[in-house]
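Here my numbering is used: the first residue of the sequence shown is 8, the next is one more, and so on.
Reading through the structure tokens given below for one structure.
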Amino acid sequence: MRRLLARWFFVVVPVLTAAFGAAAKGAEHGAGGGEHHAEVKNWWGVGSDYAEAPALGLLSITFLAFLAVLVVALKKPLAVYLENRADTVRKAIDEAKRAKDAAEARAKDAEAKLAALGGEVLRLKADFEAQGRAEAERLEKAAHDAAARIAKDAEDTITAETQRAQLVLRQEAARLALELAEERIRGALTDADEVRLQRSLVDELRA
């Protein structure tokens with residue numbers, strides 16, 4: 008469309024410029040020779056007699072007709088061009104608006120994510136602190152239980168060792184008492200008492 012308008016402009020404008028220039032020159036020439044001839048104004052005359060004064064009326068009508076033809080010829084293409092141009096501008100505006108809306112949406116989404124990230128960091132920090140406290144309490148309880156278990160095991164061991172030692176001492180005391188009793192008995196008995204005791208034991212075994 009722009010190329011077509013440029014072609015018409017570069018073809019018609021030089022022609023019209025030359026024609027109106029010639030008409031103006033003829034008018035100046037007529038004015039300069041006014042002492043001998045009357046001023047000549049040519050509106051409709053055509054021919055060699057009007058070579059220096061082109062018909063301004065015909066040129067005007069020709070120009071107006073050209074404009075009418077140009078308007079009729081370019082009306083539809085120009086309307087289509089303007090409509091397409093308007094559509095292009097509208098599409099560009101809509102695209103820019105969509106891009107702006109998308110950018111604003113992305114900015115809001117980024118802000119929301121940043122806010123959520125801050126909340127998530129605080130939540131994770133609170134969770135880690137709670138887990139740390141729970142782990143410390145668990146370790147403290149485990150240490151306390153282990154200490155109590157070790158103390159009980161030690162107490163049980165001491166009790167068992169004490170009982171075993173007491174048993175050994177009682178056994179040793181009984182053995183020593185028995186040996187002492189035997190020695191005393193042997194020292195107190197005579198040979199006749201030993202014979203009589205042996206016979207008594209034999210009789211008890213036979214009975």
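Using N, Cα and C, we set each Cβ at its ideal position, and we do this for glycine too.
If you're wondering where the values come from, they're calculated on a predicted model, not measured in any experiment.
Close beta carbons around Val128, own chain, < 6 Å, minus the five adjacent residues each side: Along the sequence shown, one-based indexing puts residue 128 at 121. Around Val128, the same chain offers no residue with a beta carbon nearer than 6 Å, after the five sequence neighbours per side are excluded.
Inter-residue spacing [alpha-carbon to alpha-carbon] between Ala34 and Leu63: The residue you call residue 34 lines up with position 27 of the sequence shown. The residue you call residue 63 lines up with position 56 of the sequence shown. For Ala34, the predicted model reports a pLDDT of 49, less than 50, meaning its position is unreliable; a value from the coordinates is still stated below. Going by the C-alpha atoms only, they are around 11 Å apart.
Pairwise C-alpha distance: Ala86 and Gly40: In the sequence shown, the residue the question calls residue 40 occupies position 33. In the sequence shown, the residue the question calls residue 86 occupies position 79. Reliability fails at Gly40, whose pLDDT of 45 lies under 50, so the model's placement of it is uncertain and the value that follows must be treated cautiously. The C-alpha of Gly40 lies about 51 Å from the C-alpha of Ala86.
For Trp51 and Leu71, believed in contact at Cβ under 8 Å, the rounded distance: Here residue 71 is taken as the residue at index 64 of the sequence shown, counted from 1. Here residue 51 is taken as the residue at index 44 of the sequence shown, counted from 1. With a Cβ gap of about 15 Å, Leu71 and Trp51 do not count as contacting.
Distance, Ala155 Cα to Lys148 Cα: Taking the sequence shown and counting its residues from 1, one reaches residue 148 at position 141. Taking the sequence shown and counting its residues from 1, one reaches residue 155 at position 148. Going by the C-alpha atoms only, they are around 10 Å apart.
CA-to-CA distance, Ala150 to Asp160, given in whole angstroms: Here residue 160 refers to the residue found at position 153 of the sequence shown. Here residue 150 refers to the residue found at position 143 of the sequence shown. Asp160 and Ala150: Cα-Cα distance of roughly 15 Å.
C-alpha distance - Asp101 paired with Ala117, whole-angstrom precision: In the sequence shown, counting from the first residue as 1, residue 101 sits at position 94. In the sequence shown, counting from the first residue as 1, residue 117 sits at position 110. Using only the alpha carbons, I get a separation of about 24 Å.
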